[in-house]
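Protein chains in written order, with full-length UniProt numbering: chain A, 1 to 381; chain B, 1 to 381; chain C, 1 to 289; chain D, 1 to 289. What follows is a short report on a single structure.
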Amino acid sequence: MRLHEYQAKDIFGEAGIPVPESQLADSVEGVLDAVSTIGYPAAIKAQVHVGGRGKAGGIKIATSEEEARDAAESILGMDLKGYTVDRVLVEQGVDFVDEYYVGVTMDRGAGEPVAMVSTKGGVDIEAVAEDDPEAIAREHIDPAFGLQPYQARKVVYDAGVPAEYARDVSSILSALYELYEANDASDIEINPVMITGDDDVIAADAVMNIDEDALFRQPDLADMEEDASQNDLERKAGEYGFDYVRLSGNTGIIGNGAGLVMATLDLVDYYGGTPANFLDVGGGAKADRIGNALDMVFADENVESVVFNIFGGITRGDEVAKGINEALEDFEEIPKPVVVRLAGTNAEEGMEILNTDLVQVEATLEDAVQRAVANAEEVAQ
Amino acid sequence: MRLHEYQAKDIFGEAGIPVPESQLADSVEGVLDAVSTIGYPAAIKAQVHVGGRGKAGGIKIATSEEEARDAAESILGMDLKGYTVDRVLVEQGVDFVDEYYVGVTMDRGAGEPVAMVSTKGGVDIEAVAEDDPEAIAREHIDPAFGLQPYQARKVVYDAGVPAEYARDVSSILSALYELYEANDASDIEINPVMITGDDDVIAADAVMNIDEDALFRQPDLADMEEDASQNDLERKAGEYGFDYVRLSGNTGIIGNGAGLVMATLDLVDYYGGTPANFLDVGGGAKADRIGNALDMVFADENVESVVFNIFGGITRGDEVAKGINEALEDFEEIPKPVVVRLAGTNAEEGMEILNTDLVQVEATLEDAVQRAVANAEEVAQ
Amino acid sequence: MSVFVDEDTRVVVQGITGGEGEFHTEQMLAYGTNVVAGAVPGKGGQEVAGVPVYDTVDEAVDAEDATASVVFVPPAFAGDAVFEALDTNLDLVVAITEGVPTQDMATVNKRLSEVDTNLIGPNCPGIITPGEAKLGILPGNIFEAGNVGLVSRSGTLTYQVVSNLTDRGIGQTTAIGIGGDPIIGTSFIDALEAFEADPETDAIAMCGEIGGEDEEQAAKYIAENMDTPVAGFIAGRTAPPGKRMGHAGAIVSGSGTGTADSKITALNDAGVPVADTPGEVAEAIDDFL
Amino acid sequence: MSVFVDEDTRVVVQGITGGEGEFHTEQMLAYGTNVVAGAVPGKGGQEVAGVPVYDTVDEAVDAEDATASVVFVPPAFAGDAVFEALDTNLDLVVAITEGVPTQDMATVNKRLSEVDTNLIGPNCPGIITPGEAKLGILPGNIFEAGNVGLVSRSGTLTYQVVSNLTDRGIGQTTAIGIGGDPIIGTSFIDALEAFEADPETDAIAMCGEIGGEDEEQAAKYIAENMDTPVAGFIAGRTAPPGKRMGHAGAIVSGSGTGTADSKITALNDAGVPVADTPGEVAEAIDDFL
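Spelled out as structure tokens, the structure:
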């Protein structure tokens with residue numbers, strides 16, 4: 001779960017990390033109010049979960065009321081890579097002489113967090129990592145000990161931060177690591193940390209991704225989550241508690257277990273179809289959950305055909321069959337053709353229960369996917 | 001540094017450990033005010049740094065105003081093993097069915113903290129450790145990980161705490177460990193944890209010793225320290241920053257380095273004398289510090305003779321000699337005979353400077369101590 | 001032979017009194033697994049499915065000479081449960097729980113490096129040596145004893161591949177679901193190493209998925225250290241970069257590693273054929289035998 | 001020969017720009033110690049007493065091939081400084097700083113168990129191999145090269161015993177002040193083990209004090225493992241129970257161990273004569289030689 005910049009900056013500011021003065025606004029008037037307090041130059045920044053906001057026109061600098069109004073009018077309501085901009089952060093413009101990158105993330109290969117600092121900040125850090133990996137200094141953090149002060153200094157010196165800023169930058173890194181731990185972050189970064197003309201050190205951006213598995217113990221962050229998801233289908237999936245990703249194809253896919261669902265998507269592609277989504281009902285799904293999954297997939301207007309692929313372990317084939325029957329019996333007409341493949345626990349019982357007036361049944365994964373792809377092509381024609 | 005019971009209970013209470021309702025009082029009227037709020041029975045407990053308060057008459061239970069007045073009158077102002085009782089804690093009497101011991105301390109042999117739980121609470125836990133060590137369950141705590149929840153449960157079950165109280169007692173232990181870490185405690189214990197007639201679990205006493213070396217980062221606790229030392233000489237030593245312990249003999253001892261000072265005390269005893277104190281001026285003492293040390297020792301009315309034993313490493317013999325001269329030249333008459341032995345760094349320079357009209361000089365440790373013991377005997381006769 | 005578990009494995013079930021714990025204890029017992037104890041704080045003295053329950057893992061291990069544990073404890077407490085198990089000198093801990101916070105696992109991982117216990121999981125279906133012992137939630141009936149080792153990051157995908165193998169009459173020495181989380185105990189390499197050392201394992205099926213670099217590292221390990229032939233499958237070829245696909249591990253970072261392509265290329269370079277469909281894994285294995 | 005340090009030891013001084021650090025760097029250099037670098041954050045590029053200063057210990061070790069460090073960092077930062085040194089694969093770290101919070105040392109102690117570096121101290125005078133190298137604050141002029149090893153929890157008491165030895169014409173292989181804090185790196189046993197392995201150490205003087213059980217454990221170790229004769233001294237016979245005597249370590253707990261009696265008895269039982277006065281230690285050593 002990714003926080004908005006303004007949310008992350010609030011958290012950073014409370015932790016004592018210097019952030020520019022800023023105010024959230026959801027209207028042109030709000031923006032003008034904000035700039036009248038903050039002064040010029042001011043940055044008007046779209047608050048959406050999209051990378052490369054600047055290039056896409058989601059960030060503008062205003063040096064006058066007129067520019068502020070223009071910026072507010074052009075950004076508020078705009079569509080940024082599929083997300084509508086409802087809110088902007090109005091922020092004090094910072095005059096800077098240098099930009100660094102500072103971040104903490106989990107190095108899954110090492111199984112421990114890693115602190116990263118680079119003097120090549122203010123640019124796409126992934127590109128730096130790719131093109132000039134030496135430009136990023138890294139220090140692994142033993143999770144039992146946490147980031148030690150000497151480590152925070154070491155990685156800052158290793159990155160080549162000049163001595164006059166080293167203390168401030170390592171303090172920011174230490175504060176970031178505290179936040180990383182305290183908030184169950186999966187990533188936390190500032191890109192850029194700006195060195196101002198007055199030699200101050202300030203966090204000009206703020207990225208914070210939270211481990212969704214830890215939201216149960218981060219109630220304040222969990223409250224921010226609803227706010228953050230702006231896509232209807234994703235919100236619906238969140239309510240149902242599904243792992244769901246919408247894709248651009250026309251074959252809806254429902255399965256149990258991430259690996260098997262991904263393999264099913266891959267098979268749709270392999271047989272010439274296009275997956276409309278990833279939907280994992282998880283382990284041990286009962287009838288009503290199966291109904292919800294169908295509801296999800298039918299809600300996607302792109303879907304022309306659906307394939308169910310369930311290999312029962314904890315999930316029982318009879319429950320799945322019951323759920324499919326109940327969900328489809330409610331329709332006067334089945335919206336889209338549904339192909340079902342059941343295997344594993346209670347698969348035979350499920351096959352017996354399944355109302356074959358409502359669905360098509362296939363015995364193997366390969367056959368089921370091929371039929372669903374064919375159905376989608378047929379409908380599309 | 002040991003906190004008073006009332007200070008420790010404040011800290012425990014803030015950490016969510018259940019403590020009885022209580023109020024501090026320094027007068028009979030204050031006690032009566034407190035019991036009128038708290039009700040009967042109430043415990044009136046002397047707040048002094050003395051073990052075995054109860055047996056020495058420092059704790060009384062009052063079931064009526066008359067008893068409360070009697071208790072207040074007898075305890076306030078009493079002398080408990082050399083400490084005058086200025087304040088009492090007036091506390092709600094707890095009706096209990098069982099008493100446990102719960103504590104965390106540093107196991108210096110293992111180099112890590114250890115959690116301890118016993119169902120033999122409410123008695124002298126050192127005696128239990130001596131007579132029935134199996135009655136105390138112990139769990140070592142890896143300081144990098146801290147006390148894990150399963151460890152808190154394990155030591156509680158190992159101690160034989162009944163299942164119905166295990167969860168509450170292990171919660172208290174976990175909270176104690178948090179406090180141990182957060183406050184740089186060297187020991188923290190509750191003896192007893194009481195199980196009340198209503199099956200509540202409550203901390204009926206509170207012991208908290210703080211690592212003096214960590215007081216620089218525990219400003220709130222450091223503030224409590226002045227309050228805690230009630231002995232004039234110890235307070236003076238604290239102001240001067242000396243490691244000082246007052247003993248009952250008549251030969252005052254000043255030296256540098258704890259081991260050497262202890263060895264000097266031992267030698268005084270070995271040669272038939274009685275040490276009046278332990279006073280370590282520490283490493284690198286300058287002239288004024290040496291003067292302060294003499295001031296300390298002369299302030300003890302029991303002292304009849306003084307021996308200085310300095311082996312210079314960082315400490316320089318000439319500084320010591322200068323300090324002795326300056327301090328003694330202020331007196332019209334030297335209060336007590338002073339024997340000086342200087343060795344190590346700049347000892348020869350020191351010997352040259354030293355005003356031998358004011359002090360007696362000996363070349364070896366053994367001779368210096370023997371002479372000081374003889375001086376004390378002479379004066380005492 | 002087999003790897004990690006066999007008929008002598010003596011199992012303590014952590015969280016045996018919960019719904020999942022109780023159900024799968026019954027299933028494991030029915031499969032013939034030596035479940036000797038349960039461990040649930042406050043439930044010491046009870047019995048579940050005829051198995052005695054203790055308050056702590058330590059007591060359970062002491063009393064019943066357990067050699068392995070299976071963890072069915074809810075995510076909020078699973079890290080602590082694994083930590084507890086790691087402090088009792090077991091040979092193996094299998095953590096089934098899905099949704100354990102990653103930072104909890106980082107801490108567990110550190111402790112894991114200090115002990116001699118193997119951890120499988122979390123977020124995994126467990127491990128099975130067909131006909132001998134099952135630790136976890138795998139449906140026992142689809143497995144057959146035989147000479148193929150299987151290691152997979154995914155649960156149900158494993159079942160798919162196993163059923164294809166079994167349908168062809170190819171049995172398994174041991175099948176291990178290592179789990180799809182960012183931080184797991186037993187890695188592909190650990191499992192491959194164990195299979196390589198097992199004289200009865202004649203071929204290995206390895207099912208990976210997008211995210212992380214475990215498959216790439218495994219490919220390197222195979223090229224350098226293994227004689228036993230390996231056939232692979234990688235799920236997530238069609239996953240778009242940056243999207244989370246169920247497993248926390250299944251995220252394509254977009255930084256050049258972690259993609260299906262990078263994994264497939266690495267495996268192919270190590271001489272491992274990578275199947276286009278789950279069904280073809282069994283075909284490739286058949287070709288080896 | 002010698003233990004832990006000799007003329008090849010290459011020393012980095014942590015906190016070299018502070019008053020103590022600078023003064024003792026000069027003293028160590030004057031004694032002939034190979035001080036090759038200093039390490040102080042933010043002071044990289046400076047020089048102190050002709051020694052180059054680096055921002056981190058890591059840089060200093062890399063640039064100057066240091067093999068040991070001496071820590072003169074104030075108590076609030078000393079734990080971190082030792083931790084930093086332990087992360088650079090040095091052979092030896094000597095922490096002089098007095099007043100390091102005990103919980104900081106517990107954390108350091110844990111990390112110490114994970115690395116191959118030896119730590120001496122904290123709150124110690126350091127270590128000296130007479131005529132070769134001095135790491136710490138010991139007054140070099142009282143030492144003579146010779147064949148007696150010395151290990152002590154106390155600083156100035158060590159000087160007393162050394163001067164008695166030197167006065168008798170008895171020199172030292174190496175003298176180690178292990179420090180008086182509750183948690184220290186090198187223990188009596190570690191030092192005794194090193195001396196036992198040193199063919200040039202013919203006898204050992206061991207100065208303990210009240211508090212803790214290190215002397216009792218050392219006595220057991222001597223009885224079971226040592227051929228080199230040991231003479232002992234225990235300071236604090238007259239200390240009353242429960243009082244803190246300067247060193248955090250010098251507390252008699254009153255629980256039967258940690259007292260002077262318990263230590264003297266344990267050492268006597270291990271065949272170690274315990275002197276009544278510091279002067280008698282040198283006599284006892286003289287008797288061995």
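Just so you know, even glycine gets a beta-carbon here, dropped at the ideal spot from N, CA and C.
If you follow the beta strand (DSSP E) that Ala-56(B) is in, where does it begin and where does it stop? Note, Ala-56(B): premise wrong, no beta strand (DSSP E); not H, not E.
Among Phe-145(B), Gly-58(B), Ala-34(B) and Ser-27(B), which residue has its Cα nearest to the Cα of Gly-79(C)? Among Phe-145(B), Gly-58(B), Ala-34(B) and Ser-27(B), the Cα nearest to that of Gly-79(C) is on Phe-145(B).
For Gly-208(D): DSSP bridge partner residues: In DSSP, Gly-208(D) forms a bridge with Ile-234(D).
First and last residue of the beta strand (DSSP E) that includes Arg-246(B)? Boundaries of the beta strand (DSSP E) harbouring Arg-246(B): 243-246, taken from the DSSP string.
Buried or exposed: where does Leu-289(D) fall if 16 or more other Cβ atoms within 10 Å of its Cβ makes it buried? Under this definition Leu-289(D) is an exposed residue.
Taking Ile-137(C) as part of the beta strand (DSSP E), name the residues at either end of that continuous run. Looking at the DSSP string, Ile-137(C) is not in any beta strand (DSSP E), and its letter there is neither H nor E.
Confirm the yes/no value for this check: CB of Val-379(A), any heavy atom of the ligand ZN, distance under 7 Å. This structure does not include the ligand ZN; it has no bound ligands of any sort.
In or out: Ala-133(C) buried (at least 16 other Cβ within 10 Å) or exposed? When all chains shown are included, Ala-133(C) counts as buried.
For Glu-73(B), the three-state DSSP class (helix, strand or coil): Here Glu-73(B) sits in helix by DSSP.
For Ala-276(B) versus Val-303(B), is the C-beta distance shorter than 8 Å? Yes, they are a contact pair.
Tell me whether residue 402(A) is buried or exposed, calling it buried when 16 or more other Cβ atoms sit within 10 Å of its Cβ. Shown here, chain A extends from 1 to 381; a query on residue 402(A) therefore has no answer.
Does Gln-14(C) come within less than 8 Å of chain A when only Cβ atoms are used? Chain A places no beta carbon closer than 8 Å to that of Gln-14(C), leaving this residue out of the contacts.
For the alpha helix (DSSP H) that contains Ala-85(D), what are its first and last residues? Following the DSSP letters along the chain, one finds Ala-85(D) inside the alpha helix (DSSP H) bounded by residues 75-86.
Selection from Asp-184(A), Arg-138(A) and Asp-200(A) that minimises the alpha carbon distance to Leu-3(A): Put simply, of Asp-184(A), Arg-138(A) and Asp-200(A) the residue whose alpha carbon is nearest the alpha carbon of Leu-3(A) is Asp-184(A).
Quick check: is the beta carbon of Pro-41(D) nearer than 8 Å to any beta carbon in chain A? In terms of beta-carbon proximity, Pro-41(D) lines the interface with chain A, with at least one pair separated by less than 8 Å.
Mind listing which residues of the segment 263-286 of chain B have their C-beta closer than 7 Å to chain D's C-betas, in chain order? Along the segment 263-286 of chain B, going in chain order, the ones with a CB nearer than 7 Å to a CB of chain D are Ala-263, Leu-265, Asp-266, Leu-267, Asp-269, Tyr-270, Pro-275, Phe-278 and Asp-280.
Thinking Ile-120(C) and Ile-127(C) are a contact (beta carbons under 8 Å), I'd like their distance in whole angstroms, please. About 6 Å; that satisfies the 8 Å criterion.
Quick one: give me the first and last residue of the alpha helix (DSSP H) that Phe-298(B) is part of. Membership of Phe-298(B) in the alpha helix (DSSP H) is indicated by the continuous run 287-298.
Are residue 391(B) and Ala-115(B) touching if we call contact CB-CB under 8 Å? Residue 391(B) lies beyond the stretch modelled for chain B, which goes from 1 to 381, so this question has no answer here.
Listing by chain order, which chain A residues have their CB less than 9 Å from the CB of Gly-212(D)? The contacting residues do not exist; Gly-212(D) stays about 25 Å from chain A at best.
With 8 Å set as the bound, which would you pick, yes or no: does the beta-carbon of Asn-292(B) sit closer than that to a beta-carbon of chain D? Asn-292(B) does not count as touching chain D.
Distance between Met-224(B) and Val-40(D) (C-alpha atoms, nearest Å): So the two alpha carbons sit approximately 35 Å from each other.
Residues of chain B with CB under 9 Å from Glu-22(D), in chain order? None at all; the shortest Cβ gap to chain B is about 13 Å.
Let me know the beta strand (DSSP E) ranges lying completely inside the segment 19-48 of chain C, each 3 residues or longer, listed in chain order. With a minimum length of 3 residues, the continuous beta strand (DSSP E) runs that stay inside the segment 19-48 of chain C are 34-39.
Three or more C-beta pairs below 8 Å linking the segment 147-161 of chain D and the segment 23-39 of chain D: The segment 147-161 of chain D, when compared against the segment 23-39 of chain D, does not touch it at the 8 Å Cβ threshold.
For Ile-353(B), tell me which candidate among Ile-61(B), Ile-44(B), Gly-58(B) and Arg-316(B) has the shortest Cα-Cα distance. Considering only Ile-61(B), Ile-44(B), Gly-58(B) and Arg-316(B), the residue with the shortest C-alpha distance to Ile-353(B) is Arg-316(B).
Taking Ile-137(C) and Ala-282(C) to be in contact with their CB atoms under 8 Å, please state how far apart those CB atoms are, rounded to whole angstroms. About 22 Å; that fails the 8 Å criterion.
Quick one: does Ala-235(D) have its CB under 8 Å from some CB of chain B? True, the Cβ-Cβ gap to chain B drops below 8 Å.
Can you tell me which of Thr-364(B), Thr-345(B) and Ala-327(B) puts its alpha carbon nearest to the alpha carbon of Leu-358(B)? Leu-358(B) has its Cα closest to that of Ala-327(B), out of Thr-364(B), Thr-345(B) and Ala-327(B).
Here's a check: name, in chain order, each residue in its chain whose Cβ is nearer than 6 Å to the Cβ of Gly-232(C), leaving out the five neighbours to either side. So the qualifying residues of the chain are Met-206, Leu-267, Val-272 and Val-274.
Which residues in chain A have a C-beta closer than 8 Å to the C-beta of Thr-107(D)? List them in chain order. Here the neighbours are Phe-145.
Boundaries (first-last residue) of the alpha helix (DSSP H) holding Ile-202(A): Judged by DSSP secondary structure, Ile-202(A) falls outside any alpha helix (DSSP H) and instead within the beta strand (DSSP E) spanning 201-203.
Identity of the residue in Leu-112(D), Gln-103(D), Ala-223(D) and Ile-178(D) nearest Thr-88(D) by Cα: Of the candidates Leu-112(D), Gln-103(D), Ala-223(D) and Ile-178(D), the residue whose Cα lies closest to the Cα of Thr-88(D) is Leu-112(D).
By the criterion of Cβ-Cβ separation under 7 Å, what are the contact partners of Asp-276(D) in chain B? Contact of Asp-276(D) with chain B by beta-carbon distance below 7 Å involves Tyr-270.
I think Ala-106(D) touches Gly-103(B), with their Cβ atoms under 8 Å apart; what is that distance to the nearest whole Å? The C-beta separation of Ala-106(D) from Gly-103(B) comes to about 16 Å, leaving the pair out of contact by the 8 Å criterion.
Would you mind reading off the limits of the beta strand (DSSP E) that contains Leu-342(A)? Element bounds for Leu-342(A): 338-344.
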